[in-house]
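*Asks:*
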């Protein structure tokens with residue numbers, strides 16, 4: 580007998596606007612991208628959970644000695660939400676279109692897809708989108724301790740989203756933004772960057788309140804620009820936003836070099852860091868030829884690479 | 580018979596904090612530097628004004644056909660203030676310790692020193708400091724159309740000054756700041772940079788109000804740090820301020836490269852653009868060895884050079 584299998588996919592995401600400030604209730608813009616994480620669940624006859632993935636080593640967890648360990652902590656915390664309903668083991672096969680270290684929100688995507696296959700299997704139905712979003716945010720916070728949920732919203736709903744964390748505001752912006760992503764060759768863990776910024780914020784609360792207000796104003800202008808499809812304006816706002824990220828001390832010489840290189844290109848409207856900063860990707864608004872980056876051997880040596888990326892119009896999808 | 584001669588000197592200056600925002604009534608910090616402009620006035624028997632300088636070609640202006648022309652427009656506007664009292668020609672010899680294009684506020688310094696020799700000659704006394712400041716600001720605005728007067732204040736009063744334009748607030752901060760200045764190899768005229776920023780401000784008044792508030796908050800924190808002689812904190816605030824200047828779109832790849840290079844040095848607390856931006860100097864807080872810049876042949880080719888600089892404790896001085 581072939582066991583029934585449950586499949587779900589969720590897109591990764593890129594933060595376009597509002598990094599750091601979003602954690603303090605300010606607006607953000609996040610885009611789902613056309614790089615997906617696919618999760619397949621197949622029930623087993625025994626009481627073991629076997630997790631395999633294209634990214635990390637296989638892991639076997641006994642249902643009766645359930646514990647949450649890295650690197651599958653997001654997946655395991657998601658499973659824990661359903662633990663009481665789980666009556667047998669299962670194979671969980673994770674396939675990712677993109678590496679976990681490039682700032683495409685893989686944790687959010689794998690969480691969303693895992694919760695989805697569990698719901699399909701155990702509840703016989705897909706949760707509503709807001710339910711899935713709330714559940715995934717809870718998992719990410721339990722596994723990570725901190726997070727805005729913006730990447731979760733993108734993974735669930737797809738497209739370009741105007742986002743606010745508290746109170747939750749999720750608005751799909753019906754738009755096709757041309758995007759370029761360039762990976763800087765390294766990443767500082769998001770929680771470390773957030774901790775660094777929060778530490779400086781605690782030293783200068785009034786100044787950081789001003790910076791976050793400026794970011795919020797920038798994001799609100801960007802939402803208007805997106806609705807008008809005004810890419811020139813949107814690019815300018817990205818550049819202004821980048822200065823504010825620099826003011827938060829999450830910029831560095833490599834990111835700055837990539838950003839100025841992008842801005843110097845004729846079809847690029849603006850460029851900035853995507854995400855918490857101190858590594859990961861920079862994004863440009865516009866289109867450039869494939870393999871424009873790395874631009875030279877020095878960049879190649881640093882591991883800088885261009886990632887072909889487009890906005891994904893769909894959020895998670897599933898086969899039941 | 581040897582004609583009596585009147586001599587005055589005024590220091591150049593570096594903007595440390597508050598660029599652009601100062602034009603909108605926000606706080607700034609400016610430092611007089613140990614590079615001076617020296618002006619000597621010797622009355623002539625005829626009715627000609629002969630201006631000579633270490634920077635530009637000699638110019639002869641007939642007292643009876645007085646007109647204001649470049650490159651001596653600041654000097655000539657200063658002379659115009661006294662035109663009714665001038666009964667004979669004179670030689671005006673200008674000697675500058677530094678080139679006019681390195682963003683050391685040469686226009687303010689030459690204006691202050693010229694007004695001073697004219698006052699000594701024609702009124703038989705030196706004007707009081709506030710009188711000299713107000714007169715020089717008037718001249719700079721007439722010649723230039725725009726300006727904060729911060730550089731004028733530094734040239735008149737010397738030292739490190741907390742400054743506000745409207746209402747005028749000039750506070751000497753009794754401090755010895757270690758400074759490094761690196762010339763980027765090029766300069767965009769200040770009025771052009773201001774016009775560019777003002778144009779963008781007019782498109783996004785609310786956003787720019789946020790940016791200027793953040794700059795103001797940064798400057799006020801910096802004044803506190805200076806009073807406490809807390810160089811670590813002051814350096815951090817310089818870095819934050821730099822991000823805000825980047826947000827004003829007055830940063831570029833060369834300035835960013837120099838700033839990140841300075842920040843990577845062990846004795847540098849922070850670094851930023853000095854002045855309007857898009858060229859001129861970057862400054863670092865701290866000390867580095869002479870000739871650290873240019874760091875390589877590429878920088879040398881661009882005309883990048885390190886300028887030995889220290890805060891000048893004195894403002895203008897004169898020999899009567």
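Protein chains in written order, with my numbering: chain A, 580 to 899; chain B, 580 to 899. In this text, a Cβ means the ideal position worked out from N, Cα and C, and glycines have one as well. The structure presented is a predicted model; accordingly, all values stated were derived computationally and were not measured.
Count the C-beta pairs between the stretch 593-603 of chain A and the stretch 640-653 of chain A that are closer than 8 Å, then say yes if the count reaches three, no if not.
*Replies:* At 8 Å Cβ cutoff, the stretches do not touch.
*Asks:* Show which residues of chain B have a CB atom less than 8 Å away from the CB atom of residue 832 of chain A.
*Replies:* Per Cβ cutoff of 8 Å: 835, 836, 839, 840, 843.
*Asks:* Smallest Cα separation from residue 732 of chain B: which of B/686, B/868, B/810, B/660?
*Replies:* It is B/686 whose Cα lies nearest to the Cα of residue 732 of chain B.
*Asks:* Going by C-alpha distance, which of B/799, B/828, B/721 is nearest residue 774 of chain B?
*Replies:* The residue with the shortest Cα to Cα distance from residue 774 of chain B is B/828.
*Asks:* Give me the chain A residues within the contact set of residue 602 of chain B, using Cβ-Cβ distance strictly less than 8 Å, ordered along the chain.
*Replies:* Going along chain A, no residue has its Cβ under 8 Å from residue 602 of chain B, so there is no contact; the nearest lies around 18 Å.
*Asks:* Am I right that residue 587 of chain B and residue 897 of chain B are in contact with their C-beta atoms under 8 Å? What's the rounded C-beta distance?
*Replies:* Indeed they touch by this definition, with Cβ atoms about 4 Å apart.
*Asks:* Drop a sphere of 10 angstroms on the beta-carbon of residue 725 of chain B, count the other beta-carbons inside from all chains shown, and report buried for 16 or more, exposed for fewer.
*Replies:* Exposed is the call here.
*Asks:* Report back the beta-carbon spacing between residue 607 of chain B and residue 593 of chain B to the nearest angstrom; my notes put them in contact at under 8 Å.
*Replies:* Residue 607 of chain B to residue 593 of chain B, Cβ: 11 Å. No contact.
*Asks:* With DSSP as the reference, identify every bridge partner of residue 596 of chain A, one or two as the case may be.
*Replies:* Its beta-bridge partners are A/608.
*Asks:* Any beta-carbon of chain B closer than 8 Å to the one on residue 827 of chain A?
*Replies:* Cβ-Cβ to chain B under 8 Å: yes for residue 827 of chain A.
*Asks:* If contact means a Cβ-Cβ distance below 7 Å, which residues of the stretch 782-805 of chain A contact chain B?
*Replies:* Result list: 783, 785, 786, 789, 790, 792, 793, 796, 797, 800.
*Asks:* For residue 602 of chain B, which of helix, strand or coil comes out of DSSP?
*Replies:* Residue state, collapsed to three classes: helix.
*Asks:* According to DSSP, residue 626 of chain B sits in a beta bridge with which residue or residues?
*Replies:* Beta-bridge pairing links residue 626 of chain B to no other residue.
*Asks:* Per DSSP, what are the beta-bridge partners of residue 695 of chain A in this structure?
*Replies:* The partner list for residue 695 of chain A (beta bridge, DSSP) is empty, contrary to what the question assumes.
*Asks:* Would you kindly check if the distance between the Cβ of residue 813 of chain A and the Cβ of residue 881 of chain A is under 8 Å?
*Replies:* No, Cβ-Cβ distance for residue 881 of chain A and residue 813 of chain A is not below 8 Å.
*Asks:* So what's residue 761 of chain B in DSSP terms, helix, strand or just coil?
*Replies:* Reduced to three states, the DSSP call for residue 761 of chain B is strand.
*Asks:* Can you tell me the Cα-Cα spacing of residue 886 of chain A and residue 718 of chain A, whole angstroms?
*Replies:* C-alpha separation (whole angstroms): 28 Å.
*Asks:* Whole angstroms are fine: how far does the CA of residue 761 of chain B sit from the CA of residue 883 of chain A?
*Replies:* Distance between the alpha carbons of residue 883 of chain A and residue 761 of chain B: 29 Å.
*Asks:* Which chain A residues are close to residue 823 of chain B, counting only those with a beta carbon under 7 Å from its beta carbon?
*Replies:* Simply 822, 826.
*Asks:* I'd like to know if the stretch 686-705 of chain B and the stretch 859-875 of chain B are in contact, where contact means that at least 3 CB-CB pairs between them fall below 8 Å.
*Replies:* Contact fails: fewer than three Cβ-Cβ distances are below 8 Å.
*Asks:* Helix, strand or coil for residue 686 of chain A, going by three-state DSSP, please let me know.
*Replies:* Here residue 686 of chain A sits in helix by DSSP.
*Asks:* Could you spell out the range, first to last residue, of the alpha helix (DSSP H) harbouring residue 798 of chain A?
*Replies:* Looking at the DSSP string, the run of the alpha helix (DSSP H) that includes residue 798 of chain A is 784-806.
*Asks:* In whole angstroms, what is the alpha-carbon distance linking residue 839 of chain A and residue 816 of chain B?
*Replies:* Spanning the two alpha carbons is a distance of roughly 23 Å.
*Asks:* Starting from residue 651 of chain B, trace the alpha helix (DSSP H) in both directions and tell me its first and last residue.
*Replies:* Counting along the chain, residue 651 of chain B falls outside any alpha helix (DSSP H), and DSSP gives it neither H nor E.
*Asks:* Kindly indicate the opening and closing residues of the beta strand (DSSP E) around residue 641 of chain B.
*Replies:* From DSSP, the beta strand (DSSP E) with residue 641 of chain B extends over 638-641.
*Asks:* Given a limit of 7 Å on CB to CB distance, which residues of the stretch 808-820 of chain A reach chain B?
*Replies:* Cβ contacts with chain B: 818, 819.
*Asks:* Hey, residue 658 of chain A and residue 633 of chain A: beta-carbon distance below 8 Å or not?
*Replies:* No, the pair does not count as a contact, with Cβ atoms beyond the cut-off.
*Asks:* DSSP on residue 744 of chain A, reduced to helix/strand/coil?
*Replies:* Strand.
*Asks:* From the DSSP secondary-structure annotation, give me the bridge partner or partners of residue 632 of chain A.
*Replies:* For residue 632 of chain A, which the question treats as bridged, DSSP gives the partners A/673.
*Asks:* Quick one: grab the DSSP three-state call for residue 853 of chain B.
*Replies:* Correct three-state label for residue 853 of chain B: strand.
*Asks:* Tell me whether residue 869 of chain A is buried or exposed, calling it buried when 16 or more other Cβ atoms sit within 10 Å of its Cβ.
*Replies:* The residue in question, residue 869 of chain A, is exposed, as its Cβ has fewer than 16 Cβ neighbours within 10 Å.
*Asks:* Where does the unbroken alpha helix (DSSP H) through residue 837 of chain A begin, and where does it stop?
*Replies:* Element bounds for residue 837 of chain A: 832-842.
*Asks:* Could you tell me the distance, in whole angstroms, from the CA atom of residue 855 of chain B to the CA atom of residue 833 of chain A?
*Replies:* The alpha-carbon atoms of residue 855 of chain B and residue 833 of chain A are separated by roughly 24 Å.
*Asks:* Residue 710 of chain B by DSSP, collapsed to three states: which one?
*Replies:* In the structure shown, residue 710 of chain B sits in a helix (DSSP, three-state: H, G or I).
*Asks:* Straight-line CA distance for residue 626 of chain A to residue 892 of chain A?
*Replies:* Straight-line Cα distance between these residues: approximately 38 Å.
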